[in-house]
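Colleague: When the count follows the working numbering, it moves up by one through the sequence shown with no breaks and lands on 312 for the last residue.
Heads up, the beta-carbon is just placed ideally off N, CA and C, and yes, glycines get one too.
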Amino acid sequence: ATLSHARYGKANVRLAKVHRHAEDNTQSITELTVRTLLEGDIAASWTAADNTNIVATDTQKQTIYVIAKQHPVNPPELFASILGQHFLDTYPWMTKARVDVTVHRWTRMEVEGKMHPHSFLRDGVEMREVECEVIRGEEIRIRSGIKGLLVLKSTASQFWGYHRDEYTRLPETWDRILSTEVEAGWRWKEFENVEEVRKEEGMFDGAWSDARRITLETFAQEDSPSVQNTMFIMAEKILAAVSGVEVVEYSLPNKHYFEIDLSWFNGLKNTGKDAEVYAPQSDPNGLIQCTVTRK
Ligand SMILES: O=c1[nH]c(=O)c2nn[nH]c2[nH]1
């Protein structure tokens, strides 16, 4: 048998970094979940039970804490690049470091009309994501994204004109509830090295807030003819807004809210334009995905 591919590391490494701003006596906090995966001259551990070149996953975890202490953890794209490069610089037999960083929300509290200096709330499970690959002798590849952003609109969503045959039961609709949990990603141009990532670090936060704003605004403002068309418009707008991004991807579940026919109850109308009480569906869900490039 042949070992065709091998990588290993530590997943679900959680850390929180407190930033103390002496200038205005406020503090902020960044909470991350980090995953590292290393590749290189490590096959012997799998094939010959020789662990000589294995940097223990615990060592990788300890390294994450040290690098988070010694370097900025924001923007997460820069932190992931620094961490990935550290592994290649420190272990010459490693050829690739994949570092994934998830940023959890701690939104500053507003208390008595003022932004509180050191209190925050978790306003949603929404996460900011970064996937970074640092490969020896190649450019740094970074993909940023949003996950878990749950949205719903109660109208201005349609779905009609689709193929119909003997398998089709779904009635066409010009007015439905639309809900999805946004999973969006944007792939950056390649970076020569960590220094180039650092030089352009200002664009990552802007891209994330542009992508989030565009997603929410487009979702709300489009009288959507389908999930397909609306997500394509979102992707087009992100490409137009963020010059450093080359590819935008969306994966949107269609989290259905079904109308409930109550006509069995003395003819009670609750479908079509009379629909008010709906049945939210945990499953199954539609799943609509796309990749949109500049050209
Ligand atoms: O927006 C939608 N796209 C689809 O492809 C689909 N299929 N069923 N409902 C749907 N809604």
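Using a strict less-than 7 Å threshold between each residue's beta carbon and the heavy atoms of ligand 1, what residues do you get?
Modeller: For ligand 1, the selected residues are F176, Y179, L187, S243, V244, Q245, N271, G303 and I305.
Colleague: Inspect the beta-carbon positions of T197 and V168 and report whether they are closer than 9 Å.
Modeller: If you number the sequence shown from 1, residue 197 lands on position 180. If you number the sequence shown from 1, residue 168 lands on position 151. For T197 and V168, yes; Cβs fall inside 9 Å.
Colleague: How many Å lie between L304 and W281 at the Cα?
Modeller: The residue given as residue 304 occupies position 287 in the sequence shown. The residue given as residue 281 occupies position 264 in the sequence shown. Their Cα atoms are separated by approximately 32 Å.
Colleague: Check for me: the beta strand (DSSP E) holding L169 runs from which residue to which?
Modeller: Within the sequence shown, residue 169 is the residue found at index 152, counting from 1. Note, L169: beta strand (DSSP E), R158 to K170.
Colleague: Report the three-state DSSP secondary structure of T80 (helix, strand or coil).
Modeller: Translated into positions along the sequence shown, residue 80 becomes position 63. It is helical.
Colleague: Going by the beta-carbon positions, is the gap between I157 and E207 smaller than 9 Å?
Modeller: Locating residue 157 in the sequence shown gives position 140, counting from the first residue. Locating residue 207 in the sequence shown gives position 190, counting from the first residue. Contact flag set, yes.
Colleague: Could you give the residue range of the beta strand (DSSP E) that holds P297?
Modeller: Your numbering for residue 297 matches position 280 in the sequence shown. Its beta strand (DSSP E) spans residues Y295 to P297.
Colleague: Could you tell me which of R145, F275 and Y82 sits nearest to I194, measuring between CA atoms?
Modeller: Locating residue 194 in the sequence shown gives position 177, where the first residue counts as 1. Measuring from the Cα of I194, the nearest candidate turns out to be F275.
Colleague: May I ask you to report which of helix, strand or coil DSSP gives S350?
Modeller: The structure shown does not extend to residue 350, since the chain spans only 18 to 312, so no value can be given for it.
Colleague: By DSSP, does E276 sit in helix, in strand, or in coil?
Modeller: Position 259 of the sequence shown, counted from the start, is the residue given in the question as residue 276. Strand.
Colleague: Looking at C-beta atoms only, is the number of pairs between the segment 55-63 and the segment 102-112 that lie closer than 8 Å three or more?
Modeller: Contact holds: three or more Cβ-Cβ distances are below 8 Å.
Colleague: Taking C-beta to C-beta, are W225 and R160 nearer than 9 Å?
Modeller: Within the sequence shown, residue 225 is the residue found at index 208, counting from 1. Within the sequence shown, residue 160 is the residue found at index 143, counting from 1. No, the Cβ-Cβ distance between W225 and R160 is not below 9 Å.
Colleague: So, is A65 buried or exposed, given that buried needs 16 or more other C-beta atoms within 10 angstroms?
Modeller: For the purposes of this step, residue 65 is identified with residue 48 of the sequence shown, where counting begins at 1. With fewer than 16 other Cβ atoms within 10 Å, it is exposed.
Colleague: From which residue to which residue does the beta strand (DSSP E) around W191 run?
Modeller: Here residue 191 refers to the residue found at position 174 when the sequence shown is read from its first residue. Where W191 is concerned, there is no enclosing beta strand (DSSP E), given that its DSSP letter is neither H nor E.
Colleague: According to DSSP, which residues form a beta bridge with V128?
Modeller: By one-based count along the sequence shown, residue 128 stands at place 111. Paired residues: K131.
Colleague: Using the C-alpha atoms, what's the distance from P270 back to G165?
Modeller: Numbered from 1 along the sequence shown, position 148 holds the residue referred to as residue 165. Numbered from 1 along the sequence shown, position 253 holds the residue referred to as residue 270. Cα to Cα, the separation comes out at about 11 Å.
Colleague: Would a C-beta distance cut-off of 9 Å place Q44 and H121 closer than the cut-off?
Modeller: As a first step, residue 44 must be located in the sequence shown, where it is residue number 27. As a first step, residue 121 must be located in the sequence shown, where it is residue number 104. Not a contact, by the Cβ cut-off of 9 Å.
Colleague: Using DSSP with H/G/I as helix, E/B as strand and the rest coil, what is R153?
Modeller: Within the sequence shown, residue 153 is the residue found at index 136, counting from 1. The answer is coil: DSSP assigns R153 none of H, G, I, E or B.
Colleague: Use the C-beta contact count for D117: other C-beta atoms within 10 angstroms, 16 or more gives buried, fewer gives exposed.
Modeller: What you label residue 117 is simply residue 100 of the sequence shown in a count that begins at 1. Looking at its Cβ environment, which holds 16 or more other Cβ atoms inside 10 Å, D117 is buried.
Colleague: Quick one: grab the DSSP three-state call for T288.
Modeller: Sequence index remark: in the sequence shown, residue 288 carries index 271 (1-based). It is coil, neither helix nor strand.
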